[in-house]
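Colleague: If you read the sequences in order, they're chains A and B.
The first sequence runs contiguously to residue 775 in my numbering.
The second sequence runs contiguously to residue 448 in my numbering.
Attaching a single structure in structure tokens format; questions to follow.
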Amino acid sequence: MANSLGFQGDGGSVLSMEHVRSLTDLQDLKEAYERLCAEEKDVESELLTLLGQQTIVEKKMLALQRMGPNLQLIEGDAQQLSGMITFTCNLAENVSSKVRQLDLAKSRLYQAIQRADDILDLKFCMDGVQTAMKNEDYEQAAAHIHRYLCLDKSVIELSRQGKEGNIIEANLHHLQEAEQHLKVVVSEKFDAATKSGDLPQVERFFKIFPLLGLHEEGISKFSGYLCKQVAKKAEENLQLALGTEGGERRAALIFADTLTLLFEGIARIVETHQPILETYYGPGRLYMLIKHLQAECDRQVEKVVDKFVQHRDYHRKFQQVQSCMMRGSSTDKIEPRDLDPILSEVTLMSARTELYLRFIKRRVVSDFEVGDSMATEEVKQEHLQNLDKLIKHCLLSCSVQELIGYYITMEEFYMRESVNKAVAMDTCERGQLISSMVDDVFYIVKKCIGRALSSSSIDCLCAMINLSTTMLESDFREVLCNKLRMGFPATTFQDIQRGVTSAVNLMQSSLQQGKFDTKGIESNDEAKMSFLVSLNNVEVCSENIMTLKKNLENDCNKMFSQGLGGEQAKAKIDSCLSDMASVSNKFKDLLQEGLGELNSTAVKPQVKPWINLFLSVSHNIEEEEFNDYEANDPWVQQFIVNLEQLMAEFKAGLSSVIYENLTSLLTSLIAMELEKVVLKSTFSRLGGLQFDKELRSLIAYLTTVTTWTIRDKFARLTQMATILNLERVTEILDYWGPNSGPLTWRLTPAEVRQVLALRIDFRSEDIKRLRL
Amino acid sequence: MQNLQVAPVSRSRIISNMPKPYTPEACHQYQTQFDAEVQTVCQQRNAGAIGLKMSKAVMVGDLYVGKTSLINRFCKNVFDRDYKATIGVDFEIERFEILGIPFNFQIWDTAGQEKFKCIASAYYRGAQVIITAFDLGDISTLENTRRWVQDALKENEPDTCSIFLVGTKKDTLSEAELERTEQDAVRLAIDLQAEYWSVSAKTGENVKEFFFRVASLAFEQSMKKELEKNRGNTAQIGVGNLIQLDGNSSDKRENETQLNMNCC
Ligand SMILES: Nc1nc2c(ncn2[C@@H]2O[C@H](COP(=O)(O)OP(=O)(O)O)[C@@H](O)[C@H]2O)c(=O)[nH]1
Ligand SMILES: [Mg+2]
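Structure (structure tokens):
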């Protein structure tokens, strides 16, 4: 027992020996015994399963024993394979290193051949140069020098170190001497050719410079030659121009033409010589040539401009104009028409300049595009900036800008003087709603801006747009403003009653004469006409400005599509044109002011009394009176006749748009005033019916005189008529609140009560009791 | 221009607080915030309902004082030592966003030379801002600013332009010299009712601050003007149907009115 317990203890029983030994209580012992028995059972069943597996384990062992010899075989094979791989690897390593060596050898060989070639070349050059020079075959000599210059410097060093070092050294020395000599000779020969004007020789030596690495010198010398030609031709042209007789066809444009010839000459030179330059000097060098040519161009332009200023008396004319503008009137007043020729000539000079500069820019930019195709963005930008600077700041640009500056002042003078004249000679032709000055002024403005546009200079155009805008906005608007300020003379009721409006008479009679003088207005009727014409003028002005703006936009787009001006130019134009639109609006504002004035001085004082007559017609009537009214209309028919007469004058004298505006003001006025008198009247049932009839007649009439809807304006009155027509007070409920259907009440409940109270037959208790 | 409107405004051109003046002695206003009403309007219209706002500034002053350099420093952040006189007029548009509203600020750079003045002066009209520049190191150019301002004002309606007097080439002066010149300049600025600034295009000192200030004041002014105008309009509409000439609005109500009539 002790033993078995001891075994169990070793086996890891739940109960240790010590524990069991320490047990003294029977109950405890029993418990321990039971637990040990249960444990034993478990162990037994475990043992049984393990024994059950014994056969399987044995089978596996057998199989493993059989595998033993095979494993030995595999191990041998693997060792063999590994040996083979190592061998192959070494072999490959060997082969590839040999190939590498071969490669190296080959490239060294090539280098050696190259170097040998170079050395041979060098020798060949050394010999060749001498012979070529002796034979005056400069192209050949230069080709040799070029080859020499292209050689790797290390080759030359190497050659020196060779066995024949000394000889080579001497030869090299010769070669360098030859190079220097050739440079001198070519330069001399070129100069000689230049002097004798021998173009083939000039071109011959021009092509040699780049071979000697003398690109800049070549271009500079060649440009010198070209410049001389430009100068000679320009001189001749200028002399010819100065000899022109005044009567000749283009005498008035002779300086512009001379400038044109100069530009065409330079353009032709660029066209002719650009291919040679590109072929022998490579792309990207045109800028250098142009820079030289531009310097000559500037010199010649200066002469032409000087002569122009001198012969055309340009500065004196400018000063004269300036003093005229400052002092207003002066003794030696200039006739604007006399300025036409010079203004045209200056703008033509500017246009030719812009065209020429655009040509130059396009050519150089596309040359840079090829030349700088591999260059960094920085270099590209720098090149383009240099070009821009050249074009913007060359003397040609400055001179023309200066001429344009004076031109602008003269053009402004031309415009202002012509406009003043147009205003002074203003008349109103037969059948015209507007007077002559509007068309005249816009004709002038168009002409002046058009001339500025023809200069192709954006700055010039913008300046002229601005000056025109200022003139229209301040001066011309002021003229119209002043006419309107004189007002529409108020006419008394009697004046109108005297028969068909006398202004219509006057208009007809003056139309028979064909004209109507807008100045020196004496009679009331003339003053009326003048006011109406001015209103029309203002409206047409605002429209004309918008048309002008639209046309200018089109013109400018055309100009931009031809490549003139850049982003900045567009923004400039946009800015100036938008300013123009705001001036158009100022004319619109003036029109509204004038209309308001007309309404309050001519319409309102007349219409109000006519409406007030309503009060003298009783609407507290019975059957008899109602029938009597039917036969002899007491108010509305006469009112309509009066209105018709009043408006006939305006209809004849105002443009349809303004007339529409005025009738709209009129209908609003009628609605408002009528409402007032209705609220002051009292009505019987039939009186309400009478009012309803009257209102319908009035609305029907007013609908025929305006194309705009007037029903809206009469909505409140119409609703009042509805109320005044009710049988009983409570009948209103058929139209009110949930019963209103599509009807929107414009009257407040309080107003409805107020109108109901106008009916004498409605009891105020009923009205008070009404729930609205 | 249309392209300009579409592209977003550069982040470095966004202004949400009123920039400070250079010196309280000569400035247009001391407020440290934009006008309250303008702020409210801008907030309400943030959605972009308003059209593009823009103002025009012209730069005037003697030849060689550094007008072009100042503009180039601000607009292109470059400084060119080489001097090239401006010929005719140059033009830049700077796009700001102020209080959330896009704002195009046009700067017209004019030539200082007498011979180009005729053409340059044609561009003064319609300017909300006149910037007149002088060389802090050349006192005679300061005196001439008076005439430049007069010339520019002449082409504009009275009380529509705000004037800025700018001393340039601040870097070329010592503290003491600067102080002396600034005293004179401030006095003149007060006289011209101009706001005074000292800047250097070379070092960039105060350049951004200056243009931000000018743009902000110009923006505020133009917003106020618009508010004023709208107030005027509403007042007119208030007078009643009398002056209401808007064709559309009455057309719109036609249907409704016809129903009205049928009912009666
Ligand atoms: N040291 C210094 N030189 C300046 C400054 N601004 C301009 N300049 C130089 O002054 C000369 C004239 O400048 P510019 O802007 O063309 O004058 P503008 O005729 O008024 O347009 C140029 O040579 C500039 O380099 C400046 O802030 N500091
Ligand atoms: Mg400048």
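Ideal Cβ positions, reconstructed from N, Cα and C, are used throughout, including at glycine.
Suppose you measure from the CA of Glu21 of chain A to the CA of Leu74 of chain A; what does that come to, to the nearest Å?
Modeller: Taking the straight line joining both Cα atoms gives about 54 Å.
Colleague: Here's the rule: buried if 16 or more other CB atoms are within 10 angstroms of the residue's CB, otherwise exposed. What is Ala419 of chain B?
Modeller: Below a pLDDT of 50, predicted positions are generally treated as unreliable, and Ala419 of chain B, at 43, falls in that range; no measurement from the model is reported.
Colleague: Please list the terminal residues of the continuous beta strand (DSSP E) segment that includes Gln384 of chain A.
Modeller: Note, Gln384 of chain A: premise wrong, no beta strand (DSSP E); alpha helix (DSSP H) at 380-396.
Colleague: How long is the line joining the alpha carbons of Asp219 of chain B and Gln405 of chain B, rounded to whole angstroms?
Modeller: Looking at the two C-alpha atoms, the distance is approximately 9 Å.
Colleague: For Arg339 of chain B, go through chain A and note every residue whose CB falls closer than 8 Å to its CB, in chain order.
Modeller: The question names Arg, but residue 339 of chain B is Glu in the sequence shown. Those within 8 Å of Glu339 of chain B in chain A are Thr473.
Colleague: Do the region 306-315 of chain A and the region 219-226 of chain A make contact, defined as three or more Cβ pairs closer than 8 Å?
Modeller: These segments do not touch.
Colleague: Rounded to whole angstroms, what is the Cα-Cα separation between Leu18 of chain A and Glu42 of chain A?
Modeller: If I take the Cα positions, the gap works out to 10 Å.
Colleague: Label Asp435 of chain B either buried or exposed according to how many other C-beta atoms from any shown protein chain fall within 10 Å of its C-beta, with 16 as the threshold for buried.
Modeller: Low confidence applies here, because Asp435 of chain B scores a pLDDT of 40, under 50, leaving its location unreliable; read the following figure in that light. Exposed, by the Cβ-count rule.
Colleague: Ends of the beta strand (DSSP E) at Leu349 of chain B?
Modeller: Counting along the chain, the beta strand (DSSP E) containing Leu349 of chain B begins and ends at 346-352.
Colleague: Where does Phe491 of chain A fall in DSSP's three states?
Modeller: Phe491 of chain A: coil per DSSP, three-state reduction.
Colleague: Please work out which residues of its chain come closer than 8 Å, Cβ to Cβ, to Ala35 of chain A, disregarding the five sequence neighbours upstream and downstream, and give them in chain order.
Modeller: Closer than 8 Å at Cβ, skipping near neighbours: Leu18, His22, Val23, Leu26.
Colleague: Looking at chain B, which residues of the region 380-411 of chain A have a Cβ within less than 8 Å of any of its Cβ atoms?
Modeller: From the region 380-411 of chain A, only Lys392, Lys395, His396, Ser400, Cys401, Gln404, Glu405, Ile407, Gly408, Tyr409, Ile411 have a Cβ closer than 8 Å to chain B.
Colleague: Rounded to whole angstroms, how far is the Cβ of Gly374 of chain A from the Cβ of Pro278 of chain A, which I believe are closer than 8 Å?
Modeller: Not really, about 15 Å apart at Cβ, beyond 8 Å.
Colleague: Which of the three DSSP states, helix, strand or coil, is assigned to Ser767 of chain A?
Modeller: If DSSP states are grouped into helix, strand and coil, Ser767 of chain A belongs with the helices.
Colleague: Which one or two residues does DSSP pair with Ile314 of chain B in a beta bridge?
Modeller: Ile314 of chain B pairs with B:Val242, B:Ile347.
Colleague: I want to know whether the region 332-343 of chain B touches the region 300-310 of chain B - three or more CB-CB distances under 8 Å.
Modeller: Flag = yes, the region 332-343 of chain B and the region 300-310 of chain B touch.
Colleague: With respect to 7 Å, is the separation between the Cβ of Lys251 of chain B and the closest non-hydrogen atom of ligand 2 below this value?
Modeller: Correct: Lys251 of chain B has its Cβ closer than 7 Å to ligand 2.
Colleague: Within the continuous alpha helix (DSSP H) that includes Pro286 of chain B, where are the two ends?
Modeller: Where Pro286 of chain B is concerned, there is no enclosing alpha helix (DSSP H), although the beta strand (DSSP E) it sits in stretches over 285-294.
Colleague: Out of A:Pro213, A:Asp106, A:Tyr141, which one is the CA nearest neighbour of Cys153 of chain A?
Modeller: Of the listed residues, the one whose Cα sits closest to Cys153 of chain A is A:Pro213.
Colleague: Per DSSP, what kind of secondary structure is His212 of chain B in: helix, strand or coil?
Modeller: In the structure shown, His212 of chain B sits in coil (DSSP, three-state: anything other than H, G, I, E or B).
Colleague: Can you list, in chain order, the residues of its chain whose CB lies under 6 Å from that of Ile437 of chain A, leaving out five sequence neighbours each side?
Modeller: Within the same chain, Ile437 of chain A has close Cβ partners Asn539, Asn540, Val543.
Colleague: According to DSSP, is Glu379 of chain B part of a helix, a strand, or is it coil?
Modeller: Strand at Glu379 of chain B.
Colleague: What number of angstroms, rounded off, separates the C-alpha of Glu529 of chain A from the C-alpha of Leu692 of chain A?
Modeller: Approximately 45 Å, taken between the alpha carbons.
Colleague: Could you check the C-alpha separation between Ser7 of chain A and Thr52 of chain A for me, to the nearest Å?
Modeller: For Ser7 of chain A, the pLDDT reaches just 42, beneath the cut-off of 50, and the residue's location in the model is therefore unreliable, although a value from the coordinates is still provided. Going by the C-alpha atoms only, they are around 22 Å apart.
Colleague: Where does Val193 of chain B sit, in a helix, a strand or coil, going by DSSP?
Modeller: Three-state result, Val193 of chain B: coil.
Colleague: Would you say Cys302 of chain B faces chain A, with C-beta separation under 8 Å as the test?
Modeller: So yes, Cys302 of chain B belongs to the interface.
Colleague: Return yes when at least one heavy atom of ligand 1 lies under 7 Å from the C-beta of Tyr307 of chain B, else no.
Modeller: Result no, Cβ not under 7 Å from ligand 1.
Colleague: What residue does the beta strand (DSSP E) around Phe275 of chain B start on, and which one ends it?
Modeller: 273-282 is the span of the beta strand (DSSP E), which, as asked, contains Phe275 of chain B.
Colleague: Assuming contact is defined by CB atoms lying nearer than 8 Å, are Cys579 of chain A and Ile468 of chain A in contact in what I supplied?
Modeller: Yes.
Colleague: In this structure, what does DSSP give as the bridge partners for Phe686 of chain A?
Modeller: Its beta-bridge partners are A:His622, A:Arg762.
Colleague: Taking 8 Å as the CB-CB limit, is Gly517 of chain A close to chain B?
Modeller: Confidence is the limiting factor: at Gly517 of chain A the pLDDT is only 48, short of 50, which leaves the residue's position unreliable and the question unanswerable from this model.
Colleague: Candidates B:Arg195, B:Asn288, B:Glu359: which alpha carbon is nearest Ala399 of chain B's?
Modeller: For the residues B:Arg195, B:Asn288, B:Glu359, the minimum Cα distance to Ala399 of chain B belongs to B:Asn288.
Colleague: With burial defined as no fewer than 16 other Cβ atoms inside 10 Å of the residue's Cβ, what is the status of Thr550 of chain A: buried or exposed?
Modeller: With fewer than 16 other Cβ atoms within 10 Å, it is exposed.
Colleague: Between the alpha carbons of Cys345 of chain B and Leu254 of chain B, how many angstroms are there, rounded?
Modeller: Near 20 Å, if we compare the C-alpha coordinates of Leu254 of chain B and Cys345 of chain B.
Colleague: Starting from Ser305 of chain B, follow the alpha helix (DSSP H) in both directions and report where the run begins and ends.
Modeller: First-last of the alpha helix (DSSP H) with Ser305 of chain B: 301-305.
Colleague: Would you say the beta carbon of Lys386 of chain B is closer than 7 Å to some non-hydrogen atom of ligand 3?
Modeller: For the structure depicted, ligand 3 is absent and the ligand set comprises only ligand 1 and ligand 2.
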